[in-house]
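Below is one structure; the comments refer to it alone.
In our numbering, the protein residues as written are -13 to 255.
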């Protein structure tokens, strides 16, 4: 992670943590932590980058040798339970709203192999991919590659069933482009009626009565944006192979990756 990205990342999370504790009215049950927030955030970011386990945190740097990993995990879980990372990402989107291209959006799904679904030959197995040892991510991104929302489902869940949970609460785009896996008359009408969004997919060979405009054909060719995002997400060791059982914990790392991706695009010269 580049220094400018890390500094922006660090400041964003630190502001949200400070805001959370300042606005908290119920002070009961708070424990005195011997590490300050900056120290804890540095460790969490280092773990995010390296993909190391919590117990091995002390081996990252020399000044981490006497660090109690249970205290760091306690603070990390507190951040997850209070949606600090998600609030930080939403705040980032508001800060750089002018740089988000909402003329259209793209949706796609990708598989994440769970810990026991990873074969000893270090390659994908078709049997594993279709069973419960795999998770499925459905992601929506803006035209310029900014992640807008994500939902997690079972590997056997169809793309159409996940699309409703993936659409943001207040979408600013009016056209959503997907592949042939999202073809369905009912789902297109449901999205149009509920969100006023037009779902556009390339037609199948047997669909002769569907015609796309030149703009829609051109926009469909831009689906490489969501493919690049899926590839970027899987470059993170915490996500490429899922070791975390709870979805709430796993979403934390997804949004950490989203922040990194958004900062790279926003701060690009």
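Note that CB positions come from ideal geometry on N, CA and C, so glycine has one too.
Can you tell me the Cα-Cα spacing of residue i and residue j, whole angstroms?
| i | j | result |
| --- | --- | --- |
| residue 43 | residue 245 | 22 Å |
| residue 142 | residue 49 | 45 Å |
| residue 127 | residue 212 | 6 Å |
| residue 198 | residue 192 | 15 Å |
| residue 3 | residue 202 | 42 Å |
| residue 131 | residue 182 | 22 Å |
| residue 8 | residue 232 | 28 Å |
| residue 88 | residue 67 | 30 Å |
| residue 59 | residue 186 | 43 Å |
| residue 135 | residue 150 | 11 Å |
| residue 62 | residue 145 | 31 Å |
| residue 5 | residue 251 | 26 Å |
| residue 16 | residue 64 | Its pLDDT being 47, under 50, residue 16 is placed unreliably in this model, and the coordinates cannot settle the point. |
| residue 167 | residue 189 | 10 Å |
| residue 56 | residue 72 | 23 Å |
| residue 30 | residue 40 | 9 Å |
| residue 169 | residue 25 | 49 Å |
| residue 174 | residue 180 | 10 Å |
| residue 97 | residue 200 | 31 Å |
| residue 195 | residue 129 | 28 Å |
| residue 147 | residue 171 | 13 Å |
| residue 204 | residue 249 | 27 Å |
| residue 210 | residue 184 | 20 Å |
| residue 223 | residue 217 | 12 Å |
Quick one, are the C-beta atoms of residue i and residue j less than 8 Å apart?
| i | j | result |
| --- | --- | --- |
| residue 90 | residue 155 | no |
| residue 46 | residue 23 | no |
| residue 227 | residue 99 | yes |
| residue 86 | residue 78 | no |
| residue 101 | residue 21 | no |
| residue -8 | residue 133 | no |
| residue 138 | residue 237 | yes |
| residue 240 | residue 225 | yes |
| residue 242 | residue -4 | no |
Would you mind sorting residue i into buried or exposed? The rule is 16 or more other CB atoms within 10 Å of its CB.
| i | result |
| --- | --- |
| residue 105 | Because the pLDDT at residue 105 is just 48, under 50, the model does not fix this residue reliably, and the point stays unresolved. |
| residue 94 | buried |
| residue 84 | exposed |
| residue 123 | buried |
| residue 14 | For residue 14, the predicted model reports a pLDDT of 49, less than 50, meaning its position is unreliable; a value from the coordinates is still stated below. Exposed, since its Cβ has fewer than 16 Cβ neighbours within 10 Å. |
| residue 51 | exposed |
| residue 260 | The displayed coordinates of the chain run from -13 to 255. Any statement about residue 260 would go beyond what the structure contains. |
| residue 159 | buried |
Nearest CA to the CA of residue i: which residue from the options?
| i | options | result |
| --- | --- | --- |
| residue 53 | 188, 28, 65, 229 | 28 |
| residue 208 | 164, 240, 75 | 164 |
| residue 120 | 132, 134, 140 | 140 |
| residue 70 | -2, 56, 133 | -2 |
| residue 221 | 36, 21, -7, -9 | 36 |
| residue -12 | 26, 32, 5 | 32 |
| residue 125 | 219, -9, 252 | 219 |
| residue -6 | 51, 75, 26, 21 | 75 |
| residue 293 | 34, -4, 92 | Only positions -13 to 255 of the chain appear in the structure, and residue 293 is not among them; the question remains open. |
| residue 254 | 240, 82, 241 | 82 |
| residue 157 | 241, 171, 177, 235 | 177 |
At a cut-off of 7 Å, is residue i close to the ligand FMN when judged by its beta-carbon and the heavy atoms of the ligand?
| i | result |
| --- | --- |
| residue 1 | Within the structure as shown, the ligand FMN is missing, as the structure has no ligands at all. |
Could you tell me whether any Cβ in chain C is nearer than 8 Å to the Cβ of residue i?
| i | result |
| --- | --- |
| residue 98 | This model lacks chain C altogether, as it is built from one protein chain only. |
Problem set entry | Any alpha helix (DSSP H) of 4 or more consecutive residues that is wholly inside the segment 188 to 253 | 200 to 206, 210 to 220, 223 to 226, 233 to 252
Exercise. What alpha helix (DSSP H) runs, 4 residues minimum, are completely inside the segment 108 to 188?
Worked result: 112 to 115, 145 to 152, 171 to 181
Problem set entry | Inside the segment 47 to 87 only - alpha helix (DSSP H) runs reaching at least 4 residues | 55 to 67, 70 to 81
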